[in-house]
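Novice:
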Amino acid sequence: MPVKSETPEATAGRILQETGFSGRLPVDVYEIAAQRNVRIIERLDLTDDLSGMLLREENLSNPVIVVRKGDARVRRRFTVAHELGHEVLHVGRTVLIEASTAQFRINERRSGGEIPSQWEEVQANRFAAELLMPEVLISELFDRNVVKTTSDDELIKSLAGDFDVSDSAMQYRLMNLGLMYPPFGNEITPTRSDRKASSKYSPRINGGRRRTG
Ligand SMILES: [Zn+2]
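Take any residue in the sequence shown, count from 1 to its spot, add 156: that is its number in our numbering.
(1) Is the Cβ-Cβ distance between H242 and R232 less than 8 Å?
(2) Mark P219 as exposed unless 16 or more other C-beta atoms lie within 10 angstroms of its C-beta, in which case mark it buried.
(3) From the DSSP output, in three-state form, read off L200 for me.
(4) Is L206 a contact residue of ligand 1, with contact defined as CB to any heavy atom under 7 Å?
(5) Measuring alpha carbon to alpha carbon, tell me which of M326, M336, R229 and R212 ends up nearest I221.
(6) In terms of residue numbering, what span does the alpha helix (DSSP H) encompassing V247 cover?
(7) Going by DSSP in three states, V222 sits in which element: helix, strand or coil?
(8) Work out the CA separation of S161 and S322 for me, nearest whole Å.
(9) Going by the C-beta, is E187 closer than 7 Å to any heavy atom of ligand 1?
(10) Below 8 Å, how does it come out for the segment 180-187 and the segment 199-211: are there three or more Cβ pairs, yes or no?
(11) Tell me which residues share the same chain as E239 and place their Cβ nearer than 6 Å to its Cβ, disregarding the 5 neighbours each side in the sequence.
(12) Quick one: does the C-beta of P219 sit closer than 7 Å to a heavy atom of ligand 2?
(13) Roughly how many angstroms separate the alpha carbons of E286 and N215, rounded to a whole number?
(14) For G169, which of helix, strand or coil comes out of DSSP?
(15) Which same chain residues end up closer than 6 Å to L293 when comparing Cβ atoms and leaving out the 5 residues on each side of it in sequence?
(16) On a Cα-Cα basis, can you pick out the residue from F319, T305, V303 and S295 that is closest to G334?
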């Protein structure tokens with residue numbers, strides 16, 4: 157049982173530990189799902205506004221995560237990690253549907269599906285980010301790569317490759333960890349106060365390359 161005050165990041169760290177993560181990258185989310193007896197089903201017929209879902213109905217012996225088969229590998233990995241976040245954090249939800257358009261949300265509500273709340277989405281994303289890109293390893297590889305690369309883009313691509321995530325997922329991760337400044341005119345909300353709660357690591361703040369464009 158998760159401790160109530162546990163942050164999504166701390167929960168992700170605990171899951172990595174419980175499933176025997178050795179520190180070798182990229183993190184194998186499919187193996188983590190298997191160890192938690194969660195089945196992954198990839199389907200081609202998910203519509204454009206539906207990236208995945210978590211099914212935990214009573215007639216299913218194991219929870220099921222459905223991801224869109226046509227998505228790029230890095231996207232599918234993130235979807236699996238995100239749905240695992242719901243599976244671990246949002247106990248009691250039976251059918252969670254990831255929908256991006258209002259129309260879909262309305263239809264799905266009629267058919268008995270549940271749309272996660274915005275708060276649940278934030279939590280699942282924080283869980284997924286730490287699961288796929290553990291802060292301690294980001295810090296380590298950031299230091300190693302920042303001296304070998306000549307631009308932010310190159311650094312992002314290099315780290316995204318190491319962690320097998322999309323460039324944009326890595327960029328957000330670095331910005332959220334205070335390792336990189338957001339591009340001008342595209343400020344994001346810092347999550348410093350959240351991160352104080354998970355004081356397991358000692359993050360460097362703004363140790364990154366400052367954009368000078
Ligand atoms: Zn979600």
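Backbone N, C-alpha and C fix where the C-beta goes; we use that ideal spot for every residue, glycine too.
All figures in this text were calculated on a predicted structure; none of them were measured in a lab.
Specialist: Answer, in terms of the structure:
(1) As a first step, residue 242 must be located in the sequence shown, where it is residue number 86. As a first step, residue 232 must be located in the sequence shown, where it is residue number 76. R232 sits away from H242, with the two beta carbons spaced by 8 Å or more.
(2) If you number the sequence shown from 1, residue 219 lands on position 63. Burial check for P219: the Cβ neighbour count within 10 Å reaches 16 or more, so the residue is buried.
(3) Here the question's residue 200 lines up with position 44 in the sequence shown. Coil, per DSSP.
(4) If you number the sequence shown from 1, residue 206 lands on position 50. No, the Cβ of L206 stays beyond 7 Å of every heavy atom of ligand 1.
(5) Here residue 221 refers to the residue found at position 65 of the sequence shown. Answer by Cα proximity: R212.
(6) Here residue 247 refers to the residue found at position 91 when the sequence shown is read from its first residue. No alpha helix (DSSP H) holds V247; DSSP gives it neither H nor E.
(7) Here the question's residue 222 lines up with position 66 in the sequence shown. DSSP places V222 in strand when its eight states are reduced to three.
(8) Residue numbering aside, residue 322 sits at position 166 when the sequence shown is read from its first letter. Residue numbering aside, residue 161 sits at position 5 when the sequence shown is read from its first letter. About 30 Å.
(9) Working through the sequence shown from its first residue, we reach residue 187 at position 31. No; taking the cut-off as 7 Å, the Cβ of E187 has no heavy atom of ligand 1 nearer than that.
(10) No, because fewer than three Cβ pairs between the segment 180-187 and the segment 199-211 fall closer than 8 Å, the two stretches do not touch.
(11) Against the sequence shown, residue 239 aligns to sequence position 83. In chain order, G208, L210 and I221 place their CB closer than 6 Å to the CB of E239, counting only its own chain and leaving out the 5 sequence neighbours on each side.
(12) With respect to ligand 2, the structure shown offers nothing to examine, as its ligands consist of ligand 1.
(13) As a working mapping, residue 286 is identified with position 130 in the sequence shown. As a working mapping, residue 215 is identified with position 59 in the sequence shown. Straight through space, the alpha carbons of N215 and E286 are spaced by roughly 31 Å.
(14) Against the sequence shown, residue 169 aligns to sequence position 13. In this structure, G169 counts as helix in the three-state DSSP scheme.
(15) Within the sequence shown, the letter at position 137 stands for residue 293. The beta carbon of L293 sits closer than 6 Å to no other beta carbon from its chain once the five residues preceding and following it are set aside.
(16) Working through the sequence shown from its first residue, we reach residue 334 at position 178. If you compare the alpha carbons of F319, T305, V303 and S295 with that of G334, the shortest gap goes to S295.
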